[in-house]
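These notes concern the structure reproduced below.
Residue numbers (the working numbering), protein chains in the order written: chain L, 367 to 735; chain G, 367 to 735.
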């Protein structure tokens with residue numbers, strides 16, 4: 367059986383040649399930036415039907431469909447495809463791995479063309495605008511001047527917001543889901559514990575673990591297990607696992623026994639090897655500093671934008687709560703931007719943006735419509 | 367200036383002689399169990415004015431006053447003392463370190479009299495009833511048959527509840543603050559991440575770190591930093607630290623920069639050396655399994671008790687939430703137990719039980735009164 371999208375393929379672009387480098391907000395420069403991306407559907411002759419999909423912290427370019435030889439569909443396959451809310455029969459969908467990542471786009475483990483060796487811990491710190499700059503260049507290289515829509519959840523939604531702040535003329539519709547315009551103190555607190563777990567792992571070796579043939583797996587596992595708790599709601603954990611355990615009665619053991627412990631162990635182990643520690647650090651730090659409304663240029667940009675926003679939060683999301691979405695909405699409206707906001711009900715916490723909660727897909731469909 | 371309590375002193379009892387061992391709920395036995403305790407005030411001639419104070423996970427026997435040569439008052443000095451809610455002019459207050467701890471009472475780093483070496487990871491897993499059994503014996507050794515009150519917050523509150531279930535005739539008033547009768551799935555999830563951080567630390571050495579002259583400091587630091595987030599409310603973190611940082615404008619760094627990061631680093635570092643990893647594991651595991659209402663004996667015990675309960679929760683406590691206290695109250699009332707319950711308003715999260723929130727001390731005072 368053929369998948370409605372046909373098999374999809376991850377492609378590769380090299381942007382920002384040596385004489386035309388990517389100038390980061392920090393002042394550092396990168397050239398020969400690779401970008402891994404996928405496209406679904408066909409670009410219209412006038413180029414007016416392109417939708418850019420922005421992934422979350424540990425996502426990648428493979429948002430939809432099936433790649434040859436693989437069994438697992440893209441991470442947003444329920445949202446993107448023929449007849450789906452982001453309908454590939456109508457739209458030309460672009461999904462790209464982000465700068466600093468580890469799934470095909472230039473990041474800390476990529477080779478620095480200047481040295482021929484991996485950047486490692488010398489990879490520059492990134493601003494969300496740098497991520498946007500790479501994707502803007504990619505979009506231009508694909509012949510798209512203006513996006514029909516940019517869509518993203520979590521970090522992806524924050525990228526969408528930054529994109530509008532940086533190039534308001536380029537996005538007609540901005541769909542921001544389960545995101546924030548500024549991390550809360552508690553968000554930063556969890557981030558810093560994750561970084562302590564990773565950077566304090568003796569196998570981190572000051573970020574040069576790959577040169578030493580090791581990996582800070584223990585730190586990454588702890589970081590992922592902890593992060594996972596923040597991705598789901600306490601109610602969802604209780605419903606799914608309760609206090610079920612393997613031992614009975616008054617038996618006890620120190621090793622994992624309750625089902626939720628086995629589940630988190632599995633989440634932690636499955637992360638290892640799939641994601642690079644330096645990318646995790648780079649992207650978590652980028653999120654901590656993300657604060658587009660603190661930037662004087664934002665007010666000016668938003669004053670002249672005609673971009674329409676749809677902002678959506680989920681009531682059980684305690685990582686990027688409804689209050690955080692509401693603040694973003696107020697900030698946008700204060701700059702005269704049109705925003706359609708709703709809090710949806712879903713028991714699944716932050717992860718809701720990847721699932722099909724009642725009303726969620728219809729809401730995206732009608733706005734993108 | 368002399369402290370109203372005078373200098374206090376930590377004392378030491380040895381209980382459960384070899385021929386009369388402590389039989390744990392697991393079937394294991396311990397003998398020559400040491401207990402570190404302090405007392406404040408005077409026992410009345412009839413022995414009817416004793417109040418037992420139960421400490422939380424990382425607490426100790428030093429609840430009030432000043433020990434000679436030290437600058438830091440006991441952890442509940444605002445609650446216990448002359449004229450304070452637990453008034454040492456009227457009551458004989460006993461505070462003891464708990465079994466499995468590392469502050470003077472027998473725990474994993476104590477010498478096993480059978481081998482002359484520390485128990486280490488061979489220390490038996492503990493049930494909350496085992497903790498209670500040691501303190502019951504201590505109380506008896508001090509000439510107290512029946513407690514005027516038992517008072518505790520967090521794990522201490524859970525110990526109070528267990529004590530009533532195990533020896534309902536022994537406690538006249540039970541004061542349970544910021545506690546739970548059963549950990550939630552999310553509570554267990556955070557516990558298991560902490561254990562992964564500690565037991566996965568290469569310096570854990572399967573629990574024999576002391577023999578190797580090392581300590582799993584990295585794991586303990588991560589565990590403590592994460593736990594600390596759950597002890598405070600997101601609102602308190604935001605009020606206290608906001609997004610203040612050392613760098614300015616678009617400067618960024620990977621090392622701790624935001625004030626909340628420095629704060630958590632400090633919390634983590636201050637914990638090292640102060641608390642033993644095996645004790646932390648033992649007590650966190652004891653909490654996971656704590657479930658007194660699943661015990662058939664509890665119904666029988668509560669049916670014949672005349673103990674009156676005061677249960678208090680704080681609205682911003684998300685570690686042991688009001689919903690958890692309410693469930694405990696319903697369970698107690700279903701067994702015919704008299705309970706005075708209130709949720710108090712405090713912005714400080716779980717830590718509120720250690721602070722002086724409006725109405726809190728008066729509430730305890732009037733119940734103990």
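C-beta: ideal position from N, C-alpha, C; glycine also. All values derive from a computational prediction rather than experimental measurement.
{"Item": "Considering only their Cβ atoms, is the gap separating residue 716(G) from residue 598(G) smaller than 9 Å?", "Value": "yes"}
{"Item": "If you draw a straight line from the alpha carbon of residue 520(G) to that of residue 407(L), how long is it in whole angstroms?", "Value": "57 Å"}
{"Item": "How about the segment 608-623 of chain L and the segment 481-489 of chain L: do they share at least three Cβ pairs that are nearer than 8 Å?", "Value": "no"}
{"Item": "Assuming the contact rule is C-beta atoms closer than 8 Å, residue 661(G) and residue 531(G) should be a hit. Round their C-beta distance to whole Å, please.", "Value": "7 Å"}
{"Item": "Could you tell me which residues DSSP puts in a beta bridge with residue 400(G)?", "Value": "380(G)"}
{"Item": "Looking at the unbroken beta strand (DSSP E) that takes in residue 462(L), where does it start and where does it end?", "Value": "458-462"}
{"Item": "Excluding sequence positions up to five away, which residues of its chain have a Cβ less than 7 Å from the Cβ of residue 504(L)?", "Value": "379, 381, 401, 403 and 462"}
{"Item": "Using a Cβ-Cβ cutoff of 7 Å, what residues of the segment 578-597 of chain L are near chain G? List them in chain order.", "Value": "584, 587, 588, 591, 592 and 595"}
{"Item": "What is the residue span of the beta strand (DSSP E) that residue 679(L) lies within?", "Value": "674-680"}
{"Item": "Could you give the uninterrupted runs of the alpha helix (DSSP H) lying entirely in the segment 443-531 of chain G, keeping only those of 4 residues or more?", "Value": "494-507"}
{"Item": "Kindly list the residues whose CB is nearer than 7 Å to the CB of residue 369(L), restricted to its own chain and excluding five residues on each side of it in sequence; keep chain order.", "Value": "For residue 369(L), the predicted model reports a pLDDT of 49, less than 50, meaning its position is unreliable and no value from the coordinates is stated."}
{"Item": "For the segment 633-657 of chain L, which residues have a beta carbon sitting closer than 9 Å to at least one beta carbon of chain G?", "Value": "634, 647, 648, 651, 652, 654, 655 and 657"}
{"Item": "Taking DSSP as the reference, what is the three-state secondary structure of residue 569(L)?", "Value": "helix"}
{"Item": "Mind checking which residues open and close the beta strand (DSSP E) that includes residue 706(L)?", "Value": "704-710"}
{"Item": "Between residue 399(G) and residue 518(G), which are expected to be in contact by the criterion C-beta below 8 Å, what is the C-beta distance as a whole number of angstroms?", "Value": "20 Å between Cβ atoms; not a contact."}
{"Item": "Go ahead and label residue 445(G) buried or exposed: buried means 16 or more other beta carbons lie within 10 angstroms of its beta carbon, across all protein chains shown.", "Value": "buried"}
{"Item": "Examine chain G for any beta-carbon lying closer than 9 Å to the beta-carbon of residue 739(L), and answer yes or no.", "Value": "This structure cannot speak to residue 739(L), because chain L is shown only from 367 to 735."}
{"Item": "With distances taken between CB atoms, is the gap from residue 371(G) to residue 496(G) smaller than 9 Å?", "Value": "no"}
{"Item": "Which chain L residues sit within Cβ distance under 9 Å of residue 556(G)?", "Value": "592 and 595"}
{"Item": "Given that a residue counts as buried once 16 or more other Cβ atoms are within 10 Å of its Cβ, and exposed if not, what is residue 447(L)?", "Value": "buried"}
{"Item": "Using beta carbons (cut-off 9 Å, strictly below), is residue 369(L) in contact with chain G?", "Value": "Its pLDDT being 49, under 50, residue 369(L) is placed unreliably in this model, and the value from its coordinates should be taken loosely. No, residue 369(L) does not count as interfacial toward chain G."}
{"Item": "Identify the contact partners of residue 614(L) in chain G, using a Cβ-Cβ distance below 8 Å as the criterion.", "Value": "Neighbours of residue 614(L) on chain G: none; closest Cβ ~11 Å, over 8 Å."}
{"Item": "Mapping the DSSP letters down to three states, classify residue 619(G) as helix, strand or coil.", "Value": "coil"}
{"Item": "Does the distance from the CB of residue 640(L) to the CB of residue 424(L) come in under 9 Å?", "Value": "yes"}
{"Item": "Within 10 Å of its beta-carbon, does residue 434(G) have 16 or more other beta-carbons around it, so buried, or fewer, so exposed?", "Value": "exposed"}
{"Item": "How big is the Cα-Cα spacing for residue 477(G) and residue 561(G)?", "Value": "24 Å"}
{"Item": "By Cβ distance below 7 Å, which residues in the same chain neighbour residue 594(L) in space, the five residues on each side in sequence not counted?", "Value": "630 and 633"}
{"Item": "Figure out for me which residue from 549(L), 440(L) and 578(L) has the closest Cα to the Cα of residue 607(G).", "Value": "549(L)"}
{"Item": "Residues of chain G with CB under 8 Å from residue 566(L), in chain order?", "Value": "584, 587 and 588"}
{"Item": "Give me, in chain order, the residues of the same chain whose beta-carbon lies closer than 6 Å to that of residue 457(G); leave out the 5 immediate sequence neighbours on both sides.", "Value": "407, 415 and 417"}
{"Item": "Nearest CA to the CA of residue 669(L): which residue from 645(L), 703(L) and 586(L)?", "Value": "703(L)"}
{"Item": "Taking 9 Å as the threshold (C-beta atoms), are residue 707(L) and residue 757(L) in contact?", "Value": "Since the displayed chain L opens at 367 and closes at 735, residue 757(L) lies outside it and no answer follows."}
{"Item": "Note down, in chain order, each residue of its chain lying with its Cβ closer than 6 Å to the Cβ of residue 611(L), except the 5 sequence neighbours on either side.", "Value": "623 and 624"}
{"Item": "Below 7 Å between beta carbons is the criterion; list the residues of the segment 510-534 of chain L that meet it against any residue of chain G, in chain order.", "Value": "none"}
{"Item": "Among 557(G), 502(G) and 628(G), which residue has its Cα nearest to the Cα of residue 551(L)?", "Value": "628(G)"}
{"Item": "Excluding the 5 residues flanking residue 705(L) on each side, which residues of the same chain have their C-beta closer than 7 Å to its C-beta?", "Value": "675, 677, 695, 698 and 699"}
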